[in-house]
Amino acid sequence: MADLLTGLDPEPPVAPTPTGDAPLADRLRPRALGEVVGQEHLTGPDGAIGRMVAAGRLSSMILWGPPGTGKTTIARLLAAAVDLRFVAISAVFSGVAELKKAFAEARDHARIGKRTLLFVDEIHRFNRAQQDGFLPFVEDGTVILVGATTENPSFELNAAVLSRAQVLILHRLGAEALGQLLDRAEAAEGRALPLTPAARAAMIAQADGDGRFLLNQAETLFAVQIDAPLDPAGLSAFLQRRVAVYDKDREGHYNLISALHKSIRGSDPQAALYYLARMLTAGEEPLYLLRRLTRAAVEDIGLADPQALVQCIAAKDTYDFLGSPEGELAIAQACLYLATAPKSNAAYMAQKKAWRSARETGSLMPPANILNAPTKLMKQIGYGADYAYDHDTADAFSGANYWPDELQPQTFYEPSGRGFEARLQERLAHWDRLRSERSGGVD
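Here the sequence shown stands for residues 252 to 694, numbered as in my numbering.
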């Protein structure tokens, strides 16, 4: 055994004790899984992690959650709980060479009976080929892979990796969990934060679910001399608010635009305006939002209120004219108009049915009576023969057939009966009756 150990690097401690001058967040890092706050659905006795630890066996996993929710801490504590060697790398700073070294060392330690938990922070930043490189070492048990990501694994990780690892979702820390972190900070410092109860609540809200950010803010307050407790206004002047987590090309973006569109469809102007504000204040491109609002106007409102589309185009022109921030009011107005308008997807459904029919029926010729006949030959073969000019008929409605001879008339557009479509519904029903009468049919 001594010979086998020769040349192997000594194992780093799983959770080194922070020094007195370490950041507060490090000094308060949990020393056992039971101390992790806000993730009891995973770490509790009935949680996936709790059950694995109780059984003494870990499977590879992907920890998916927002920043500051305990992903790194949980990985370290898992290794300690089941006596695994802990190795951490970051996909931001590591490449193929570092991965090869980690796998080689893990294989050497496996020969002496010491398995390795390989923690890969920001695992989604490895490209597809690099992610494939994990597979043989995970499959043969050389490493237990624990990846951490803030991005949706469905989009960012290979299917092969996902098939070999459980995806465990960490929740954004709620007010109760964040309050527990502040209690621990005050106990560690031996004094209370210089805040009024309202300011304390505001500080928790401003952390936006990020425990690390909250503790860093608390450390800033502990580091200065404050004569009287700060109220919310004083706290806001003293500390900066956490910038909302929002990546324009990632899941947060798609979650919010989905929420905005569905709030409009569901006729909730308050929620729609909230999600619009979330995106604009986070730096979303206003023209992108205007495009999405215009889409909602034609998909979910359509002819129930034809002015919805006009409002969106007017908002786009207004924003182009005024720019930010003044032009954003026009975007908000369009959003509110859409959310409060009568809803109908009849035009949207009609388009899909018509497109499907066009693909299925190919190149059928329209009936000859409605074809133009600009040449003598075309007149001779029947183009335009017996065409009924609608304006010369009663009610400006001839009731003629406009469908190809080989195709029965079809119904694509069925007005909803809401908003302006109620009038369209009556109009179409009237024309159907006239068409039946003038074609000799039975009403």
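Every residue, glycine too, gets a C-beta built ideally from N, C-alpha and C.
For tryptophan 654, the secondary structure class from DSSP, reduced to helix, strand or coil, is coil. If you ignore the 5 residues before and after methionine 616, its C-beta comes within less than 7 Å of the C-beta of Pro655, all in its own chain and listed in chain order. Between arginine 543 and cysteine 586, the alpha-carbon positions lie close to 10 Å from each other. Excluding residues up to 5 positions away in sequence, Arg336 lie with their Cβ nearer than 6 Å to the Cβ of lysine 365 in the same chain. If you draw a straight line from the Cα of threonine 591 to the Cα of tyrosine 570, it is about 21 Å long. In chain order, Val338, Ile340 and Leu369 place their CB closer than 7 Å to the CB of alanine 353, counting only its own chain and leaving out the 5 sequence neighbours on each side. DSSP places alanine 348 in the uninterrupted alpha helix (DSSP H) bounded by 347-362. Isoleucine 300: member of the alpha helix (DSSP H) spanning 299-306, first to last residue. Between alanine 528 and isoleucine 515, the gap from beta carbon to beta carbon reaches 8 Å or more. Contact between arginine 463 and proline 318 holds: their C-beta atoms lie close to 7 Å from each other, under 8 Å.
Burial state of serine 608 is exposed, judged by a 10 Å Cβ sphere holding fewer than 16 other Cβ atoms.
Between isoleucine 300 and leucine 329 the beta-carbon gap is near 7 Å, inside 8 Å, which marks them as a contact.
Residue state for isoleucine 325 is assigned as helix, using DSSP reduced to three classes. Contiguous beta strand (DSSP E) elements confined to the region 404-451 occur at 417-420, taking only those with 3 or more residues.
Taking one beta carbon from each stretch, the region 534-548 and the region 620-633 have fewer than 3 pairs nearer than 8 Å; the two do not touch. Annotation: glycine 460 to glutamine 290 spans about 12 Å, alpha carbon to alpha carbon.
Rounded to the nearest whole angstrom, the CA to CA distance from aspartate 551 to isoleucine 374 is 39 Å. Counting C-beta atoms within 10 angstroms of its own C-beta, aspartate 641 has fewer than 16 neighbours from the protein chains shown and is therefore classed as exposed. For serine 341, there is no enclosing alpha helix (DSSP H); the residue is found in the beta strand (DSSP E) stretching over 336-341.
If you look at aspartate 372, you'll find it in the beta strand (DSSP E) that goes 367-372.
Around the CB of glycine 398, 16 or more other CB atoms lie within 10 Å, so the residue is classed as buried. A direct Cα-Cα distance of roughly 11 Å separates arginine 610 from lysine 603.
DSSP, reduced to helix, strand and coil, places methionine 312 within a strand of the structure shown. When C-alpha distances from phenylalanine 344 are compared across Ala332, Thr323 and Asp372, the shortest belongs to Asp372. In this structure, the CA atom of leucine 589 is about 25 Å from the CA atom of alanine 605. DSSP lists Ile313 and Val371 as the bridge partner or partners of glycine 398. For the alpha helix (DSSP H) assignment, the uninterrupted runs of no fewer than 4 residues enclosed by the region 512-593 are, from N- to C-terminal side, 520-532, 537-547, 558-573 and 579-591. Leucine 481 is bridged by DSSP to Leu446. Classified as exposed, glutamate 688 has fewer than 16 neighbouring CB atoms from the shown chains inside 10 Å of its CB.
Of the candidates Tyr634, Asp646 and Lys322, Lys322 places its Cα closest to the Cα of leucine 424. Comparing alpha carbon positions, the residue from Ile395, Asn403, Val389 and Ile420 closest to arginine 376 is Asn403. Under the criterion of beta carbons closer than 8 Å, alanine 450 and glycine 485 qualify as touching, at roughly 7 Å.
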